[in-house]
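**Student:** According to the numbering used here, the stretch in the sequence shown is residues -12 to 266, in order.
No residue lacks a Cβ here, since even glycine has one placed at the ideal position from N, Cα and C.
Source: prediction; values computed, not measured.
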Amino acid sequence: MAASTANSSAGSARPLKLAEVERIEILGSESIVCGFHLVDYIWTDIFTSLSPASTYVLITDTNLAKLYLEKYQEAFQVAWAHSRPGKPAPRLLVHVLPPGETSKSRATKSAIEDWMLAEKCTRDTMVLALGGGVIGDLVGYVAATFMRGVPFIQIPTSLLAMVDSSIGGKTAVDTPAGKNLIGAFWQPKRIFMDMSVLSTLPPREFSNGMAEVVKTAAIWTPEEFDILEASADEVRAAVLEGQKTDDTSDAGLTLASRSPAQKMLLRVIAASARVKAYV
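Below, the structure is given as structure tokens:
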């Protein structure tokens, strides 16, 4: 478990890399955002489109922190410098948890809340969940109850979380009596689905997510099921392409730079998310 603070100055910030995105409506707002390499876009959208916060709390796990935390901290500074030049930056607090289902507990929730109170977080705090279903469920429940509810952002990093658990405001923790027995419905202000992170998923986790995509298509949209059946190799190719590119690659950031496989991956995930948003 760790905490840190990132501050920004409006000096010579690098140019922003803003992705071209697809937005999906849920509950009257286009709050589901799909694309590739969204980190700059996420902070820019938060700073320019949502109510301002004095403190942003980013919660993730140790596995994901190694891969993405530095990027999110750096992009926070850059996006603020571009969005509010010359203005003092809000705080960015980071809390890192052990990975796995054991973190999704009442004890972990209480520890996060005690840490936020010790950090003097108030009602104008925004909480961001960077992770799979465990992080999203847990952090969403923290946001639902802290100060009687604070704004919440979902950044799902697993395919299953993108097409299922991050949509609909479902939040909960586990208990000895069973999973997800204590929780609340708390709608996130945004759900950012960054397809580029799927390249780091273990094959089993990707397959679990694809099973949900296929199930949804089979039940709701037969034409999408037919496309999935014919394009399974392309969807897998899009993930493998991400594994072959280096850390600085922006492939897929814009429509023009998107490969046919990436377009197919985005299409099938967005279609599944659209169904879940409808129901």
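Judging by CA-CA distance, which residue of 174, 157, 175 is the nearest neighbour of residue 167?
**Tutor:** 157
**Student:** Just the Cα atoms here: how many angstroms apart are residue -9 and residue 80?
**Tutor:** Any reading at residue -9 must be qualified, since the residue scores a pLDDT of 47, below 50, and its modelled position is unreliable; the value itself is stated next. Their Cα atoms are separated by approximately 5 Å.
**Student:** Which first and last residues belong to the beta strand (DSSP E) in which residue 268 is found?
**Tutor:** The requested residue 268 is not part of the displayed model; the chain covers only -12 to 266.
**Student:** Tell me whether residue 266 sits in a helix, a strand or coil according to DSSP, three-state version.
**Tutor:** Correct three-state label for residue 266: coil.
**Student:** Helix, strand or coil for residue 82? Go by DSSP, reduced to three states.
**Tutor:** strand
**Student:** Whole angstroms is fine: what's the gap from residue 146's alpha carbon to residue 185's?
**Tutor:** 7 Å
**Student:** Pick out the complete alpha helix (DSSP H) segments inside the segment 78 to 131, 4 residues or longer, and give them in chain order.
**Tutor:** 93 to 105
**Student:** Please name the residue, chosen from 255, 239, 182, that lies closest to residue 217 on a Cα-to-Cα basis.
**Tutor:** For the residues 255, 239, 182, the minimum Cα distance to residue 217 belongs to 255.
**Student:** What's the gap between the Cα of residue -3 and the Cα of residue 68?
**Tutor:** Note that residue -3 scores a pLDDT of 46, beneath 50, so its modelled location is shaky and nothing firm can be said.
**Student:** Return the bridge partner residues of residue 192 from the DSSP annotation.
**Tutor:** Residue pairing by DSSP places residue 192 in no beta bridge whatsoever.
**Student:** So, with DSSP's three-state summary, where would you put residue 253?
**Tutor:** helix
**Student:** Skipping 5 residues on each side, what residues in its chain have a beta carbon closer than 6 Å to that of residue 259?
**Tutor:** 150, 200, 203
**Student:** Could you please give the first and the last residue of the uninterrupted alpha helix (DSSP H) stretch that includes residue 57?
**Tutor:** That run of the alpha helix (DSSP H) goes 57 to 70.
**Student:** On a Cα-Cα basis, can you pick out the residue from 179, 222, 187, 180 that is closest to residue 198?
**Tutor:** 222
**Student:** How close, in whole Å, do the beta carbons of residue 6 and residue 25 come, if the pair is a contact with beta carbons under 8 Å?
**Tutor:** 5 Å
**Student:** Can you tell me the Cα-Cα spacing of residue 74 and residue 64, whole angstroms?
**Tutor:** Between residue 74 and residue 64, the C-alpha separation is close to 12 Å.
**Student:** Quick check: the segment 167 to 177 against the segment 134 to 141, are at least 3 beta-carbon pairs closer than 8 Å?
**Tutor:** yes
**Student:** Specify whether the segment 31 to 49 and the segment 117 to 137 touch according to this definition: at least 3 beta carbon pairs, one from each stretch, less than 8 Å apart.
**Tutor:** yes
**Student:** Within its chain, find whatever has a CB closer than 6 Å to the CB of residue 181; leave out the 5 residues flanking it on each side and keep chain order.
**Tutor:** Leaving aside the five residues that flank residue 181 on each side, the residues in its chain whose CB is nearer than 6 Å to its CB run, in chain order, 25.
**Student:** Please report the straight-line C-alpha distance between residue 194 and residue 210, rounded to a whole angstrom.
**Tutor:** 21 Å
**Student:** Quick one: using the 10 Å Cβ neighbour count with 16 as the cut-off for buried, is residue 32 buried or exposed?
**Tutor:** buried
**Student:** So residue 33 is in the alpha helix (DSSP H); what residue range does that whole segment cover?
**Tutor:** 26 to 36
**Student:** I'd like the list of long-range same chain contacts for residue 21, defined as Cβ closer than 8 Å, with 5 residues on each side in sequence excluded.
**Tutor:** 8, 9, 10, 11, 180, 182, 253, 256, 257, 260
**Student:** Between the C-alpha atoms of residue 263 and residue 34, what's the straight-line distance to the nearest angstrom?
**Tutor:** Taking the straight line joining both Cα atoms gives about 27 Å.
**Student:** Straight-line CA distance for residue 127 to residue 60?
**Tutor:** Spanning the two alpha carbons is a distance of roughly 21 Å.
**Student:** How is the beta strand (DSSP E) around residue 45 delimited, first residue to last?
**Tutor:** 42 to 48
**Student:** How big is the Cα-Cα spacing for residue 4 and residue 28?
**Tutor:** 7 Å
**Student:** Measuring only from the beta carbon, is residue 144 closer than 7 Å to any heavy atom that is part of the ligand NAP?
**Tutor:** This structure lacks the ligand NAP, and indeed carries no ligand of any kind.
**Student:** Going by DSSP, what residues sit across from residue 275 in a beta bridge?
**Tutor:** Given a span of -12 to 266 for the chain in the structure shown, any question on residue 275 remains unanswerable.
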